[in-house]
Every structure is written in structure tokens, then in C-alpha cells.
Amino acid sequence: MDLLFQNKKISGVLTILPEREILFEDEMSNYNFTAAKSLKLKMAMGYNKHRIVEEGVCVSDICCHGLNYLFEHDKLKKNEIDALILITQSPDYFMPPTSNIIQGILGLKKDMICIDINQGCAGFVLGLVQAFMFLDQPSINKVVLLNADVLSRKVSKRDRNSNPLIGDGASITIVERSDESQNIYGNIWMDGTRADALMIPAGGFREPATNETAILKEDENGNFRSREDLIMKGDEVFNFVQQEVPPMIEALLDKASVSKDAVDYYMFHQPNRFMLHKLADKLNVPHEKMPSNVVENFGNASGVSIPTNITFNLGEKLCTEKKLLCFSGFGVGLTWGSLLMNVGKLNFCELINY
Amino acid sequence: MKEKIISILNDLRPEFDFNEPFDFIKEGMLDSFDIINLVNELDSTFDISIDGIDVLPENFSSVDAIIKLLAKNGVE
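Each protein sequence line maps, in turn, to chains Z and U. Heads up: the first sequence at position 227 corresponds to 227 in the working numbering, and the numbers run straight through without jumps. In short: position in the second sequence from 1, add 1000, done, that's the working numbering.
Below, the structure is given as C-alpha cells:
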């Protein structure tokens, strides 16, 4: 589905990552593989270290920490927030929405919208789309988009498929109306027939958590996980991304009549370095225009990976300059989407610790 | 080229004999992570970039399959 927006802008991005850093080597003994083989995997995929929350830390804790930081540093005012969108797959509770919890903790005004959306790696793109749509309402002037996940709590430490790459964290993106009438082009695709490629099977209403669903079982590749843990069919996800993302980006640029060279940076979701390099090669985009260093430094925190990519790689630059950015997220659902927009002269673009 | 491919495979999984006409995937000689390492090695050895859509187990099931994939990428 093609999308088009006007008079909208991002005015600030903050990424909040847990202070606790775990090295790949520290966890190698958890995996049922030789150290030599694990180290080869580390090199190929770009695994190095990842940020993981301390036990018991929830999404609302990290989001409130970040929002309080913005309030305390006069980068955001409480009464300006007309909508709070939280994209997460790890809410504090089944009910109520975690965005309402955050609203209550921070004492935000009642004349506002709070909404949770269950999305993952495409969550930054989907969240911006939702924010742009809210901003078409005359009474909504400023939207706070929160992307946050603590999925390490739902990943088996003995699963070499998922554990080395998982990361926790949150991001806060301020989205508001712009006087500039520049077009923002986008597209979104979904395919629920492949929903089991990324899944936590047990713990919801379809398969409630029991003693049986908590038992770790070995898969055909020597990984141990329970049905309450994240299951990622890595091969299927890789093939899905390589099949679907390049034509989507080609179509987006074609629709916008923008050449590949004219895009300053391709800020993509980062599952691993290998996947990003293959996408860049397929699109004939120089690797330096498509940063791939988020997983090796912080891990992959689903919808937080693009904002982390922005703050870590372009932080200072985007406070003084404007750049044409192509965002793309892809993952759970399956969902894949992209946006092409000018971003810059931001009020803030930084990364802090929780 | 065949010798070079077998040498890369032997470095990757020294416990197996890649000269034998086994199906490397069905016999469990290469798993999905081996394939990623293999693609990286082939890319750098032959100065190519194997298309992501070709990173499928069947393209790495035998030396002949790998030769065919390299030929598709212009390696003679």
C-alpha cells in the first residue's frame, strides 16, 4: 500500500538503552556448539555485545526515564503532548495499555490519546505512519512516538538463533506538523500467512502458560527454548527480507522520483550485519550509506533499532543539517514498510543510558 | 574452482569430507550458519556478492550446486 503525507516532521529523537552490556563471548558457553563455530558466527553476523535490562525492568520504566529526561532538560513539555503512541511486543500487562500506565505515572493531561500497537521490527515505520495520521486532526499538534521492548525476557539464553542478537531499549520520537509542504512517501506491506516465522507461541489466550509450555526443548539445530520463548525461523526471515525489501525500496524511490544516489542514508532495521550487507549490495547502495553497526554495539531491540541507528550514527549531524533519509523496517507479522523523508535541524538527537 | 570450494568447505567443517558425493544439507554437514559463513568466504574469495535471494540451502547442497551458483555470479 502506497502512502503519502505532507506537512509533517520529526523534531527530536532520543534513544534510551540499558546500561548493562553483555559480551557475545560471555554467553558462548550457553550454546550447544563449539567455541570456534560460535566465533565464526560472531564474525559473519556482526555480533559483539548487546544491551540487556536488569531483571524486572519493564517497558514503562525505560520510557518514563527517557520522558523525564526530556522534561528535565526542557526538550519537551508535558502539556504539549496530544498523543502517546507506544509500539511494543512486551507490554507491562495484558491490560491496561502500557501507554495509559505511562500517562498516569508522568501525570500527563487527560485531554489526549494513548494507544498501544503490537508491532516489532517495522514498528518505527508503522508508528510514524500512525503519528502522521493523528496529526491530520486539528486538535493534535504534537505526537510522542515510543518504541520500546524488553524482549530479552522472552528469549532463551540457550538459543543461539535469537539470544546473541536480541537487545532491549526504548526510543522517543517527537512528531509534529511542519510549515514545509514537502512530501513524505511511504509504503507498508503485511502477510499474516507467514505469521509463525517470528512468534512467542505460549503465554497468550490461544496457548496459556503452563508447566509444560515452560519446559526447554532442543530443536534440530541444538538450540534450547520453551514455547514461552521467542521462536525465530531465521532462514525464513532472511529469505523474506531478501525477497520483499529490495523491490519495496525500488518502488518507493520510483514513486517519489528520487534516485538512489539522492538519498543521503538508508536507515534500515538491523537484524544482523550479513543481512544488511546483502540488502545494500542488492540495492546497489554503498555500505557506508546503510549503517550496519547497531547489532554489534547494542543488539537488535525491534522497533528501537532504527532510532538507535539514527541517534548513534547521525546524532550530531541531524541537529544542524537536513538529510534525505530512507527508513525501512521488516519483521514480525510479517510486516515490511518504508518511508522517504527529509529529517534534520532536530531539537535533540541523542542516546542515553537507563 | 572446485578445489578452492572444497578447501573452503573443509576449513569451515573440518570434521567432514566434502570430496564425497553427499547432499551436504541432508547429511547435516552444513547448517544455516555454516551457509552464512560460506557465503562470506565465497564473496571475498571470488570478489562477488551472492544475491541474498540465492542464499538457500539447495544452492549449497553439493560442490556442483555451488559451482553453478558461482557461475551465475560470473565466476568462470
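All C-beta atoms, glycine included, are put in the ideal place defined by N, C-alpha and C.
CA-to-CA distance, residue j to residue i, given in whole angstroms
i	j	result
N297(Z)	I52(Z)	12 Å
S356(Z)	L106(Z)	There is no way to answer for residue 356(Z), as the model of chain Z reaches only from 1 to 354.
Q367(Z)	D1054(U)	Summary: the structure shown does not reach residue 367(Z), with chain Z confined to residues 1 through 354, and so no result is reported for it.
I184(Z)	L108(Z)	30 Å
K154(Z)	F132(Z)	31 Å
K317(Z)	D179(Z)	22 Å
F330(Z)	G120(Z)	8 Å
D261(Z)	C319(Z)	22 Å
D235(Z)	K77(Z)	45 Å
M361(Z)	I1035(U)	Residue 361(Z) cannot be examined here, being either before or after the span of chain Z that is shown, 1 to 354.
R194(Z)	N342(Z)	33 Å
N118(Z)	N147(Z)	10 Å
G186(Z)	D168(Z)	27 Å
D291(Z)	F268(Z)	One detail in the question is off: residue 291(Z) reads as Pro in this sequence, not Asp. In a straight line, the C-alpha of P291(Z) is about 8 Å away from that of F268(Z).
P201(Z)	Q130(Z)	27 Å
I1025(U)	K345(Z)	52 Å
P286(Z)	F312(Z)	19 Å
L276(Z)	E288(Z)	11 Å
H65(Z)	L339(Z)	28 Å
E25(Z)	L1038(U)	22 Å
P97(Z)	I115(Z)	7 Å
V125(Z)	S305(Z)	11 Å
T1045(U)	N239(Z)	23 Å
L1012(U)	N30(Z)	22 Å
A113(Z)	D82(Z)	In the sequence as presented, Ala is not what sits at residue 113(Z); that position holds Ile. Going by the C-alpha atoms only, they are around 6 Å apart.
D92(Z)	R177(Z)	31 Å
M1001(U)	I1067(U)	8 Å
L1070(U)	M1(Z)	36 Å
V263(Z)	P246(Z)	15 Å
Chain-ordered neighbours of residue i on chain Z, where CB pairs are closer than 9 Å
i	result
L1056(U)	D235, N239
I1005(U)	Near I1005(U) there are no residues of chain Z at all, since even the closest Cβ is about 17 Å away, more than 9 Å.
Which residues DSSP lists as bridging residue i, in chain order
i	result
I352(Z)	I16(Z)
Y93(Z)	DSSP output for Y93(Z) lists no bridge partner at all.
M267(Z)	F327(Z)
I87(Z)	I117(Z), N147(Z)
K142(Z)	E176(Z)
L3(Z)	G186(Z)
G169(Z)	D149(Z)
Interface residues of chain U facing residue i [CB-CB closer than 8 Å]
i	result
D219(Z)	Simply none; closest approach about 11 Å.
Partner residues on chain U for residue i, Cβ-Cβ distance less than 7 Å
i	result
L165(Z)	Those do not exist, as L165(Z) stays about 12 Å from chain U at its closest Cβ, beyond 7 Å.
D356(Z)	Residue 356(Z) lies beyond the residue range present for chain Z, which begins at 1 and ends at 354; the question has no answer from this structure.
K8(Z)	Under the 7 Å cutoff, chain U gives no residues; its nearest Cβ is about 32 Å from K8(Z).
Under 7 Å by beta carbon: chain Z residues contacting residue i
i	result
F1033(U)	L41
I1067(U)	What I1067(U) touches in chain Z: nothing, since even the nearest Cβ is about 21 Å away.
N1010(U)	Correct list: empty, because the minimum Cβ distance to chain Z is about 14 Å.
Proximal chain Z residues relative to residue i, where beta-carbon distance stays under 8 Å
i	result
N1073(U)	What N1073(U) touches in chain Z: nothing, since even the nearest Cβ is about 11 Å away.
8 Å Cβ cutoff, residue i in contact with chain Z
i	result
D1023(U)	no
P1059(U)	A quick correction: the sequence has Asn, not Pro, at residue 1059(U). So no, N1059(U) is outside the interface.
N1019(U)	no
Neighbour flag for residue i against chain U, beta carbons, 8 Å
i	result
A44(Z)	yes
Q242(Z)	yes
K289(Z)	no
F274(Z)	yes
K157(Z)	no
K154(Z)	no
K278(Z)	yes
Cutoff 8 Å: residue i Cβ touching any chain A Cβ
i	result
A83(Z)	Structure shown: chain A not included; protein chains present are Z and U.
Practice prompt. Only counting runs of 3 or more residues, tell me where the beta strand (DSSP E) segments fall wholly within the segment 288 to 354 of chain Z, in order along the chain.
Written response: 322 to 331, 335 to 344, 348 to 353
Practice prompt. Report the residue ranges of all beta strand (DSSP E) runs contained in full by the segment 171 to 238 of chain Z; include only those spanning at least 3 residues, in chain order.
Written response: 183 to 190
Discussion item. As an exercise, report each continuous alpha helix (DSSP H) stretch of at least 4 residues that is fully enclosed by the segment 5 to 77 of chain Z, in chain order.
Written reply: 24 to 27, 35 to 45, 59 to 72
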